Structures are given as C-alpha cells and as structure tokens.
Amino acid sequence: MTGKSPVLYLSRDHLKRIAGLAEAAYPRECCGLLVGRLSGSGDSWVSETVESPNVDGTGRRDRFEVDSALYIDLQRRLRDTPERVLGVYHSHCDHRAQPSATDLELAWEPGFVWLIVAVEGRQAIHSTAHMLDADGARFREIGLRTDDWGPYPQREPLGGPGLSTA
Ligand SMILES: [Zn+2]
675 MTGKSPVLYL
685 SRDHLKRIAG
695 LAEAAYPREC
705 CGLLVGRLSG
715 SGDSWVSETV
725 ESPNVDGTGR
735 RDRFEVDSAL
745 YIDLQRRLRD
755 TPERVLGVYH
765 SHCDHRAQPS
775 ATDLELAWEP
785 GFVWLIVAVE
795 GRQAIHSTAH
805 MLDADGARFR
815 EIGLRTDDWG
825 PYPQREPLGG
835 PGLSTA
C-alpha cells in the first residue's frame, strides 16, 4: 500500500439506495454489506450492496447488527470469485456520520470499510467512509467517491475497474 489514503468508490445508485434504506429505517439504524473488489492500491470498488435486517436485540435506536447468517451465505457465494465483502454500511439517526464508540467496540474485520449515512429527521444528509485499522484499535476516515448526486459533496466522476451498477 502506498501512502495514499484509500478511497471507497460506489455508484450514485448504490448510495441512493442505501440513503433510501436509511430513511425508511428511521428512527432505527439500517445496515448491510458492501461487496466488490479491492484494487492494487487498496481502493474499494463496490459492485453490489446487500441489505441486512438489523438484528440488534437491545431495542436501542443507536445500535445495529448485521445478520450473521446473511454474512456467511454471502462469503460462501463469493468464494472463488474476484469479489469479496469489502465492508459494512449503517445509518446514524440524528447523529453525525462518524463511527461511535459502540461501532469501534463492535467492529470486526480489520481493513473493513465502514460507510455511515447520517439521517436527520428522516432525511439522509451526509455520508462518510472509514476504515478499521489493522490492529482494530481505531477508525480512520477515507475518501468516498461517487458520481454526481446533489446531497453529497463528492463529485468526482467514476472511472475505475469494472464498476457496475447491476
Ligand atoms: Zn454507528
């Protein structure tokens, strides 16, 4: 890996879909998995987003848990393909799009990308991407790039390897 900070690339359709799920789940958190390819320079290119039910059992509105059976099935499906589970997405309700102390506590898979969508009053207002350090001790924010979509500030055109909105 070079000194360059990694970037999460996804299409605006993927981001819109996740934002829509985040708004629909409000005031609870939505969650799901990001599937795609890792480039040689460590960038993540999303080809598919997989929605998970939020199976958190605490009933708290600031918690999420991805269905582990769905995760295991997905890993099985991706075996022997160039794709992998790149990371996880979830929403924050009336809270900024930064990983919480709970997120760090529950974080698994060093190198995983965490996409967080902040929802305020039922409207998705901001998204950020973070990566869990190799030692699992902290998140650092990474770049998030999509094609042009108003509510999100990043507007660099897409043009990476094999990105599809299928
Ligand atoms: Zn969180």
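Using our numbering, you'd call the opening residue of the sequence shown number 675 and step up by one each time.
Note that the Cβ used here is the ideal one computed from N, Cα and C, for glycine as well.
Nothing here was measured: the structure is a model prediction, and the numbers come from that model.
Determine the direct distance from the alpha carbon of F813 to that of L682, and round the result to whole angstroms.
-> 14 Å
Taking the C-alpha atoms as reference points, what is the distance between S742 and G706?
-> 11 Å
Can you say whether R734 is buried or exposed, counting buried as having 16 or more other CB atoms within 10 angstroms of its CB?
-> exposed
Is the beta carbon of V793 sitting closer than 9 Å to the one on H766?
-> yes
Note down, one range per segment and in chain order, each beta strand (DSSP E) of at least 3 residues found wholly within the segment 714-753.
-> 718-726
Does the beta carbon of P773 fall short of 8 Å from some heavy atom of ligand 1?
-> yes
Please indicate yes or no: does the CB of T723 lie closer than 8 Å to some heavy atom of ligand 1?
-> no
N-terminal and C-terminal residue of the alpha helix (DSSP H) that L780 is part of = 775-780
Tell me whether the beta-carbon of L806 lies closer than 9 Å to the beta-carbon of L708.
-> no
Please look up how many angstroms separate the CB atoms of E757 and G710, rounded, as I've assumed it's under 8 Å.
-> 6 Å
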